[in-house]
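J.: My numbering puts the last residue of the sequence shown at 162; the count rises by one with no breaks.
Using N, Cα and C, we set each Cβ at its ideal position, and we do this for glycine too.
Predicted model only: the values in this text are computed from it and were never measured.
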Amino acid sequence: MAIREIVKEGDDCLRKVCRPVDKFDKRLAVLLDDMAQTMYEGNGVGLAAPQVGVLRRVVVIDCGEKLYELINPQIISQAGALDEAEGCLSSPGEYALVRRPEKVAVKAQDRHGKEFVLEGDHLLARAICHECDHLDGRLFKDIAIRMLHQDEDGNWK
Ligand code: NI
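1. On the DSSP bridge assignment, give the partners of L123 in chain order.
2. If the criterion is Cβ atoms closer than 9 Å, does the pair L36 and A54 meet it?
3. Could you give the residue range of the alpha helix (DSSP H) that holds Q83?
4. Helix or strand or just coil, what does DSSP make of D147?
5. Go through its chain and collect everything with a Cβ distance to K21's Cβ below 6 Å, but skip five positions before and after it.
6. Would you mind giving the Cβ-Cβ distance between R151 and E89, rounded to the nearest angstrom? I have them listed as a contact below 8 Å.
7. Once DSSP output is grouped into helix, strand and coil, what is the label at A132?
8. Would L182 and S95 be called neighbours here (beta carbons separated by less than 9 Å)?
9. Buried or exposed: where does G49 fall if 16 or more other Cβ atoms within 10 Å of its Cβ makes it buried?
10. In angstroms with no decimal places, state the Cα-to-Cα distance between F121 and L19.
Below is the structure:
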């Protein structure tokens, strides 16, 4: 496993529509392992392949309970709405208030190509939406209600 460099906002990679994965091979496994390590190293809860310069529909997420690997993810249902703070490893130190569904279900494939459905709520739902957006070149700031700012006591407002 290796830590990869995270592409920062402003790089063209983050604005592309990524291509589906069609080969579930060793190369994909290495990418997934590297993405997970890179996400943990950055203390993120999710990372999408374009954030490491790979324009494929691959996402890793870990909100503290379990590592999820989503290949070719498609959100198939959503419910509710929550306005909460959100950040991105490609925009270090920046946070915004973003409205996301409270619950989502996403259909995806695992690293072997097997299809599954993952249901998530709250932070997991938020992470799924945020990372799926990356695969279409969309960033959290594009859809933010407003940016958040830190006051002198360090609280985000
Ligand atoms: Ni992000």
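T.: According to the structure shown:
1. V111.
2. Contact annotation: L36 and A54 have beta-carbon atoms nearer than 9 Å.
3. Premise fails: Q83 lies in the beta strand (DSSP E), 73-84, not in any alpha helix (DSSP H).
4. It is helical.
5. Once the five neighbours on either side are set aside, the close Cβ partners of K21 are L60, G142.
6. Taking 8 Å as the upper bound for CB-CB distance, R151 and E89 are not in contact here, some 13 Å apart.
7. A132 falls in the helix class under three-state DSSP.
8. Missing from the structure shown is residue 182; the chain here goes from 6 to 162 and no further.
9. Around the beta carbon of G49, 16 or more other beta carbons lie within 10 angstroms, which makes this residue buried.
10. About 26 Å.
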